[in-house]
Each structure stands twice: as C-alpha cells, then as structure tokens.
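Take a look at the structure below.
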Amino acid sequence: MTDYAKAREVAEQAREKEWARPSFGKQLFLGDFRLDLVHPAPRLSEQETEKGEEFLRALRSFLQDKVDPALIERTAVIPDEVIKGLVALGTFGMTIDEEYGGLGLSHTYYTRALQLTASYSPALSALLSAHQSIGVPQPVRLFGTPEQKRRFLPRCARGEISAFLLTEPDVGSDPARLATTAVREGDTYVIDGVKLWTTNGVVADLLVVMARTGSKISAFVVEADSPGITVERRNSFMGLRGIENGVTRFHQVRVPADNLIGREGQGLKIALTTLNTGRLSLPATCAGTAKWATKIAREWASERVQWGRPIGEHEAVAHKISFITCTAYALEAVVELAGRMADDERNDIRIEAALAKLYGSEMAWRVADELVQIRGGRGYETAESLHARGERGVPAEQMLRDLRINRIFEGSTEIMHLLIAREAVDAHLSVAGGLIDPKADLRAKGRAATKAGGFYAKWLPSLLAGPGQLPTSYSEFGALAHHLRYVERTSRKLARATFYGMSRWQGKLEHKQGFLSRIVDIGAELFAMTAVCVRAQEDAARLGRRPYEIADTFCDQARLRAEGLFARLWDNSDSRDVRLARLVLDGRYTFVEDGILDPSLDGPWIAPATPGPTEAEDVHRHVR
Amino acid sequence: MNIVVCVKQVPDTATERKLRSDDKTLDRDAADGVVNELDEYAVEEALRLKEAHGGEVTVLSMGPAKATETIRKALAMGADKAVHLSDDALRGSDALSTSYALAETLKKIGFDLVILGSESTDARTGVLAAMLAERLGTPQLTLANKVEVDGSAIAIQRVTDYGYDKVEASLPAVVSVVEKINEPRYPSFKGIMAAKKKPVETLAIGDAEISADQVGLASAWSEVVDFAAAPPRAAGTVVKDEGDGGVKAAEFLASKKFV
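Residue numbers (the UniProt record's numbering), protein chains in the order written: chain A, 1 to 624; chain B, 1 to 259.
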C-alpha cells in the first residue's frame, strides 16, 4: 500500500460513518435546504439561561478585576494567580457535569464564555478550551468508563490542567505516521515517543496521549508527572504568547491499562468525535475577536479625522467597517446556532461545527487584518508602545497575530476543506462509490450502477426546482426572505455542481482540492447566511429592525463571495498551478530566488524524534 | 464561634466619586457600588477563622437597598447569612450615628467576634471599630495583620508606625483588619449560585430598636459645609542632570523640608 493509501485508510477508519440524527449541513450539500432543522433555533431552558448569564457576569468581573491582558502579552506567561482564580471560579469545569464537580454549563454558554474571554485575552481562552474541548474532560466524558469519569473528571473540574498530545515532529495532519508507541506489558502500557505543540503541556497535570498500539492508534490518560516524562521545551510563537506549549518526551512511561480510553485502536475516532463539538470553541473565540474589532473600528473611525471628515465616512474605510460589523454578527450567529443545536441534541452538528471552525478562523483573520488597516500605523504598533506615548493601547496587531493560528490548528483550513468535502460527497460516494472506484471490476460497477441509478433517478430531478423559486417562500423572514430563497436555490446548484464534478473526475475527485475547497466554502457561506437570517429574526423581537439591516448587508456580501466561488469552480488556474508547482519543486525556477539572503537559522527542517532517555532539562511545572 | 463581619458598599474607587450638591452627602448614583475593599479582607479572615474553629459567619451591612449586591458578594465568598440594616432614616448618618445603629443591631443579633475593615474607601474615617467596641463594651483590637483565636482568648498583631504591637483580649471583641492580613478569595461560581439562596434578613430601624432621632443627616454631629473638586495637578519641577543632578535634587528636597 502506498503512503497515501495508508494515510487515507487511517483517516477513513477514524471517520464517524453513522448518521443517526438529521444534519442540516449534510442536507445542504445534497441540495436539500432543511430550514426546519435550524429555525426556530432551539432555546435553552429558563433555568439554564439564568445560570449561564450569572456565570458570564462572574467571569466578566473576574477578567476585569483580576486579569491584565497586557501583562500576559508582555511577559508571555499567564500568572499563576490568574489560573488559580479561574480555577476557583470554576472555569476549568465549565463543561463537566455537576455530578463530577463541574459547573455543567450548556455548550451555548461555554462558547459564550470563551467568546468573552478571547475578546480580552486570547491566550486565556486557548488555555481553557485546550483543557476542556480537547483535553481530558471531553474524551473521558464521551468515551470513558464510569470509573474513569469518577477518577478524572473531578480532578479536571478542580483545576488540574489537561492537554491533548497528538502532534509529533513528523506528524501534522496525517496521523498514519504517528511514531509514539504504547506496548502492553501485563497491567500496564509502556509509552515511548516525542510529542510536539502540546498546548497546556508545560503546566499540565493530566495528558491525553495518542499512541500506536500495534497498527492502530489508541488514546490514554497519562499522569503528567509519571516517571519518564520530560517537558523538554516551552515553545514560543507569533501569537498566543501566554500559552504553555512545548515538547514532551515519553521514555518507558508506564501507564495503567485502566487509563486506556475506549478500546485499543479507537484513538483517532475518539479524537475526531471529541472535535465534533469541541470544534465549536475555536470559532467562538474568533467571534469574540471580531466583535471586539467592531467596537474598535467604530470608535476609531468616528474619532479620527482626515481630509475634513471622520475616516469612517471615507468610502474605502466604510467598506471595511461594514464588512467587520456584518462578519462579527454572522460569526456569532453561526457559533450560537451550532452551540444551541449541540445543546438540543436533536441534530448531528459535526458538519456545522466543522464549517464554523473553517469559516470562523478564515473570516476573523480577514476582520483583524482590516482592523489593522483601518488603524493604519497605529494598527501596526503594539498596545504597549501606543500606551507609552500617551495613546489608547489598542492591541490590534496582537489580535491579528493571536488569530493566525486558528487557520492552522485543530484541523488546518486545507484539512477542514477535505474533511467537510468528504462528508459532503459522502451521500454520493455511498451510492455511487463502486461506480467511481477505479479498482472495482465491471461486475461490481454494474451492481453499483443499478443501486446508484435508483438514487439519482429520484434525487436529480429534485435539484431542478424548489421553494427558492417561489417569490412567496420564507415570507416570515420579511426583507430577508429573498436571501433564504437564494440559499435554497444555491444549495441545489451546489449539489448539481458537486454531482457534475463527480461524474467528470470520478475517483480522481478527491485530488481536486481546488474544486472541493470551493464547494465547501460556498456551503459555509450558505450556512452563515442561514444562521444570520435565523438569528436576525429572533433578535428582531428585542432589537427591532437593526439586526435585519446587518443581516441583509451580510447576505449581500456573502452572496458575492459565493458567486465568485461558483465562477472559479470552472474558470480557474488550478491545473496550471499544479503543473507549475511540480516544476518549482523540481528546481526549474530557482532564478526567482536570486538576489536574496535567507535569514533562517541552521538546522534540519524536521528535528529527529529519536526515542530514548532525555538529554534535556525538564521544564514542566505545576500551577498550584 | 459566632462571627459578624461588617461590610459596607462604597462607590467604585476606579470611577469618579461625587458629592450631591443639595445636601452634600455621597452621590451613590454617580458611581457603581462595590464592596469596600478592606471589608473583603475582613470577610476572608472571618471565613478562615470559621474554617479553623467552626461556627457561623454573618454579614452585617447598613445601606440602601442597592447594598444587597455587596451582601451577595460576601455571601458568595462563603458567609452563611446576612442582616441588612436599611432605612431611609439612616441616610446621611455620620460615624457616630452609624456606630450607634450598628451596635444596636449587633446587640440584637448577638456575636462572639465582630470583624471589619480598618476603614472605608469613601469616608475614610477609620474610627468605626473603636466606636463600636466602646458602644458594645468589648475590647477593641484594631489594625490587625494577624488574628489568632484560642478558645475564648483572641490575640492580634497590630500594625503601627514603629512595627507591631501584640494585643490580647478575650471574646467577645471587635477586630479591624488591614489589607496585609490575607488574600481574599474570589467567589466561585458555585458560591455565587449558593449565595442566592442564603438568608438575608432586612431590618428597618424599628426592628433593631434604633431611635430615629439619633441617626440620619439631621442628627449628624459633623456637617459638610462646603466642598470643591481637587485642583488639577500642576506640572512638576524637572531637575535636569548636568553632572549636578544629585545636588539639585537634594536642594529641592531641603527647600521643601523633606531632608
């Protein structure tokens, strides 16, 4: 088997294949716009709302009173006192059930708490979400035995910090290359290997470690001060300067067999399932930053005068302010809708959460970039420097740096495209899989064709007409109804395009990453438009016409983006790019690099992660 | 041990605080009300003593209806119950009448130990602990940065300009604390939720047998005759160092009689 085939097989095994509950996202990609699944958006009980609001108030006053985000940025450390205060408040157990000593907050309020925290100090929200969304609490909650829950969850709720260790120097998006091993010896497993980018790992008390047991990957809860564990480095980054992220070496680390989560070989599935809802935390932080950017853009653009008027009245800046404001409202709408659906548990939200992560991280980055542009030279200047010379210390450049990682971690944008595309075309693959499998023989293809024929005979005609063509559809949305009709029509157009792509490229479709990414990005715009319209209609009861105005403009912007993506589905430079890139890699165009000097420091591209005892000093520390 | 902590709501020190132009009392609507910071140390100390010796912590606050926020905060930190002395007749009370009203209430609710912050960040008289002790006929142990209780004996370390005094007394007693005494806990979310259900007894002056003619603005022994905003800070003197900076700085300090 080739490396590619191996990697693909591992990824395929980890996929959750069952669709026990309805999925708005999946139907959207099939051209079936199920507004009924998301509208009216599910609501929390009064009791849960009251509890959540009270918690947000407490968290807000804690942040205000006890946290100095500029200090975290300057020293690149979250002070122990801040962590202890967050622990005392209960923030380390936001998502943990009350039964295990946590606060048992809803997803909705968990994401709102992260949104609030991220708007103030992104490093803090990274600490909290790494601990709860991917660290020990989430996989143990979903896959742990009752005994494991009793052992670990109360500790996590009490503020023992957890980290999730999957990445290795040679393993990023491709877990098939995982080199860390766990070998069973009697009642224990012996773990050897090196893990990289261990957010929270430097200060962790408990770790989730992904290690190979035979040919498959398993997940373990590991005590961070077990003999043989060394935190060899604390890394520093472009942004999120306060995060405790390092390199952790495992040398003959003995872990009780009781600490295996789920069964042997279930590790990647556990990781991906954890992320199904865990992925909502990251777009929540993106929405928080975008909302903050809206505040700064408004205040600055009305205060700053150039050429005789506030800069916000100059058209070039006005475009940016409109974009920032509409996008902030939309990102919150997306996270809020997905969070409420997660609480409601009637829908499968894996596609919505993945779309939220993809869309949130990309759009928030653009928002922060535009904010820096509006702020001009001040946008590029650090908050500390601005403040030192007597101006308001607005950390625009910091927010830009802090946001950048969101497009990379917890599934890079490119991986998210493929992951969502895989789910989006799944319905096609499951009926037409044999038809387009290049290795299937003729008989198999014949069987597949009969099966697929039945599906497509019913499905294809349904793509030709729908409520989006009736001018009276969705009239309860008033001025926004035409946007929902667009979403309905366009979801059918999207499904037709996907079907066309499949029949054109068949088995090769999975390599058409340009095509697939555009399909997914169009889906993301349609989901965002839906979320915004649903949100605006709900908010109108409280806020009058104003949410409609934002939603209307956001939908105009999103439609233009979607139309641009449609145009580039068929008119693009994809194949020329692929050809040229291959020649670049072959060294054909190195003359382009003439006349420069490379400032990189010496070293191999990828450090060898040789197993064995450490040669480094342990920089692990406990916050207690 | 039955501990009562006196807690006052004061205007947030981080905002601009004002007096009312009509009767020259504090303008409570001009700023957010927060717990007097020194009282947080008092609550913390009370909770620590309760944790060490058992008993119960009651919060006592005198103030308008809005002061319930402050009471809830102290309850969220872990106090067991609260008494809120609230009556329009109390508005404008000075330190003497405040101590009278609180003392009457304390007599009614009973106590082994009364703890309060050494002063409030609004009025800053710093005399309430002494006045309370006098009115209650108990020992006063003020400005404590350490409190130890052993049976019915209490000892404190009193912060003075020259070092520490060790002061001992027997319970019941009144103690005031300084900010060096401890690090007040931040209320946990569970504490905040639990505080909503804790009993808060609201008393009017009649309930505590406080006579109306001894409290309030009209009965105050002191009066604010006039007030003015502090003048804006003038530019400082810059001493430029041309080799003789040290001498010039010393001369400046000498001219102001600092050295």
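Heads up, the beta-carbon is just placed ideally off N, CA and C, and yes, glycines get one too.
So within the segment 304 to 365 of chain A, which uninterrupted alpha helix (DSSP H) runs reach at least 4 residues, ignoring any that extend past its ends? Fully enclosed alpha helix (DSSP H) runs of 4 or longer: 315 to 344.
Among T108(A), A297(A), I349(A), the one whose alpha carbon lies nearest that of A284(A): Indexing the first sequence from 1 puts residue 284(A) at position 284. Residue T108(A) is the option with its Cα nearest to A284(A).
Grab the span of the alpha helix (DSSP H) containing F189(B) for me, first residue to last. Counted from its first residue, the second sequence places residue 189(B) at position 189. In this chain, the alpha helix (DSSP H) harbouring F189(B) covers 189 to 195.
Residue of D192(A), N235(A), S412(A) minimising C-alpha distance to N200(A): Residue 200(A) sits at position 200 when you count from the first residue of the first sequence. Measuring from the Cα of N200(A), the nearest candidate turns out to be N235(A).
Tell me whether I217(A) sits in a helix, a strand or coil according to DSSP, three-state version. Residue 217(A) sits at position 217 when you count from the first residue of the first sequence. Correct three-state label for I217(A): strand.
With distances taken from CA atoms, which of Q557(A), G376(A), D594(A) is nearest S322(A)? The residue given as residue 322(A) occupies position 322 in the first sequence. Comparing Cα positions, the closest option is Q557(A).
Selection from G308(A), L275(A), K320(A) that minimises the alpha carbon distance to A290(A): Counting from one through the first sequence, the residue named residue 290(A) turns up at place 290. It is K320(A).
For G163(B), list the residues DSSP reports as bridge partners. Taking the second sequence and counting its residues from 1, the one referred to as residue 163(B) is at position 163. The partner list for G163(B) (beta bridge, DSSP) reads T160(B).
So, is the C-beta of K198(B) closer than 8 Å to a C-beta in chain A? Walking along the second sequence from the start, residue 198(B) turns up at place 198. For K198(B), no Cβ of chain A is located within less than 8 Å of the residue's own Cβ.
Would a check of beta-carbon distances place K66(B) closer than 8 Å to chain A? By 1-based counting over the second sequence, the position of residue 66(B) is 66. By this cut-off, K66(B) is not an interface position.
Does chain A have any CB closer than 8 Å to the CB of R72(B)? Along the second sequence, one-based indexing puts residue 72(B) at 72. Cβ-Cβ to chain A under 8 Å: no for R72(B).
Is G90(A) close to chain B, meaning its C-beta is less than 8 Å from at least one C-beta of that chain? Translated into positions along the first sequence, residue 90(A) becomes position 90. Interface with chain B (8 Å Cβ-Cβ cutoff): G90(A) is included.
State yes or no: is the beta carbon of A58(A) nearer than 8 Å to at least one beta carbon in chain B? In the first sequence, residue 58(A) corresponds to position 58, counting from 1. Closer than 8 Å to some Cβ of chain B, the Cβ of A58(A) qualifies, so yes.
Distance, Cα to Cα, A271(A) vs I156(B)? Along the first sequence, one-based indexing puts residue 271(A) at 271. Along the second sequence, one-based indexing puts residue 156(B) at 156. The straight-line gap from Cα to Cα measures roughly 56 Å.
Cβ of K190(B) less than 8 Å from any chain A Cβ? Here residue 190(B) is taken as the residue at index 190 of the second sequence, counted from 1. True, the Cβ-Cβ gap to chain A drops below 8 Å.
Let me see if you follow: with CB-CB separation under 8 Å, is M193(B) close to chain A or not? Your numbering for residue 193(B) matches position 193 in the second sequence. Yes, contact with chain A.
Measure the C-alpha to C-alpha separation of G339(A) and A424(A) and round it to an integer number of angstroms. Translated into the one-based positions of the first sequence, residue 339(A) becomes position 339. Translated into the one-based positions of the first sequence, residue 424(A) becomes position 424. Distance between the alpha carbons of G339(A) and A424(A) is about 21 Å.
Would E54(A) and M193(B) qualify as a contact pair, given that the criterion is a beta-carbon distance under 8 Å? Translated into the one-based positions of the first sequence, residue 54(A) becomes position 54. Translated into the one-based positions of the second sequence, residue 193(B) becomes position 193. Closer than 8 Å, so yes.
Which two residues bound the contiguous alpha helix (DSSP H) that contains Y474(A)? What you label residue 474(A) is simply residue 474 of the first sequence in a count that begins at 1. From DSSP, Y474(A) is part of no alpha helix (DSSP H); its letter is neither H nor E.
Determine the direct distance from the alpha carbon of V67(A) to that of A383(A), and round the result to whole angstroms. Taking the first residue of the first sequence as 1, we reach residue 383(A) at position 383. Taking the first residue of the first sequence as 1, we reach residue 67(A) at position 67. Roughly 16 Å between the two C-alpha positions.
Just list the residues that DSSP pairs S61(B) with in beta bridges. Along the second sequence, one-based indexing puts residue 61(B) at 61. For S61(B), which the question treats as bridged, DSSP gives the partners H84(B).
Hey, how far is the Cα of A444(A) from the Cα of R350(A)? Mapped onto the first sequence, residue 444(A) falls at position 444. Mapped onto the first sequence, residue 350(A) falls at position 350. Roughly 31 Å between the two C-alpha positions.
Residue span of the beta strand (DSSP E) that contains I519(A), given as start and end: In the first sequence, counting from the first residue as 1, residue 519(A) sits at position 519. In the DSSP annotation of this structure, I519(A) is not part of any beta strand (DSSP E); the continuous alpha helix (DSSP H) holding it starts and ends at 513 to 543.
Proximal residues to A479(A) (C-beta, below 7 Å), its chain only, five neighbours per side dropped: Numbered from 1 along the first sequence, position 479 holds the residue referred to as residue 479(A). Excluding residues within five positions, the ones whose Cβ falls inside 7 Å are Y548, D552.
Enumerated in chain order, which unbroken segments of the beta strand (DSSP E) with a length of 3 residues or greater are wholly contained in the segment 230 to 275 of chain A? Contiguous beta strand (DSSP E) elements confined to the segment 230 to 275 of chain A occur at 246 to 256, taking only those with 3 or more residues.
Distance between P64(B) and R401(A) (C-alpha atoms, nearest Å): On the first sequence, residue 401(A) is found 401 positions in, with the first residue counted as 1. On the second sequence, residue 64(B) is found 64 positions in, with the first residue counted as 1. So the alpha carbons of these two residues sit roughly 48 Å apart.
Does F55(A) come within less than 8 Å of chain B when only Cβ atoms are used? By 1-based counting over the first sequence, the position of residue 55(A) is 55. The Cβ of F55(A) sits closer than 8 Å to at least one Cβ of chain B.
Pick helix, strand or coil for R184(A), following the three-state DSSP scheme. In the first sequence, the residue the question calls residue 184(A) occupies position 184. In the structure shown, R184(A) sits in a strand (DSSP, three-state: E or B).
Is it true that the CB of I522(A) sits closer than 8 Å to the CB of F566(A)? As a first step, residue 566(A) must be located in the first sequence, where it is residue number 566. As a first step, residue 522(A) must be located in the first sequence, where it is residue number 522. Cβ distance < 8 Å, so F566(A) and I522(A) count as in contact.
Looking at chain A, is there any beta carbon in it that lies within less than 8 Å of the beta carbon of Y41(B)? For the purposes of this step, residue 41(B) is identified with residue 41 of the second sequence, where counting begins at 1. Among the CB atoms of chain A, none fall inside 8 Å of the CB of Y41(B).
Alpha-carbon spacing of L90(B) relative to I210(B), whole angstroms: Counting from 1 along the second sequence, the entry for residue 90(B) is found at position 90. Counting from 1 along the second sequence, the entry for residue 210(B) is found at position 210. Each residue's alpha carbon lies about 10 Å from the other.
Length of the line joining the Cα atoms of K17(A) and T472(A): Mapped onto the first sequence, residue 17(A) falls at position 17. Mapped onto the first sequence, residue 472(A) falls at position 472. K17(A) and T472(A): Cα-Cα distance of roughly 38 Å.
Does DSSP put N406(A) in a helix, in a strand, or in coil? Within the first sequence, the letter at position 406 stands for residue 406(A). N406(A): helix per DSSP, three-state reduction.
Helix, strand or coil at M416(A) [DSSP, three-state]: Here the question's residue 416(A) lines up with position 416 in the first sequence. In this structure, DSSP gives M416(A) a helical state, which the three-state scheme calls helix.
Quick one: is P175(A) buried, meaning 16 or more other Cβ sit within 10 Å of its Cβ, or exposed? The residue labelled residue 175(A) in the question sits at position 175 within the first sequence. Per the 10 Å Cβ criterion, buried.
From this set, I154(B), S176(B), V159(B), Y164(B), which residue's C-alpha is nearest L128(B)'s C-alpha? As a working mapping, residue 128(B) is identified with position 128 in the second sequence. Checking every option, the nearest Cα to that of L128(B) belongs to S176(B).
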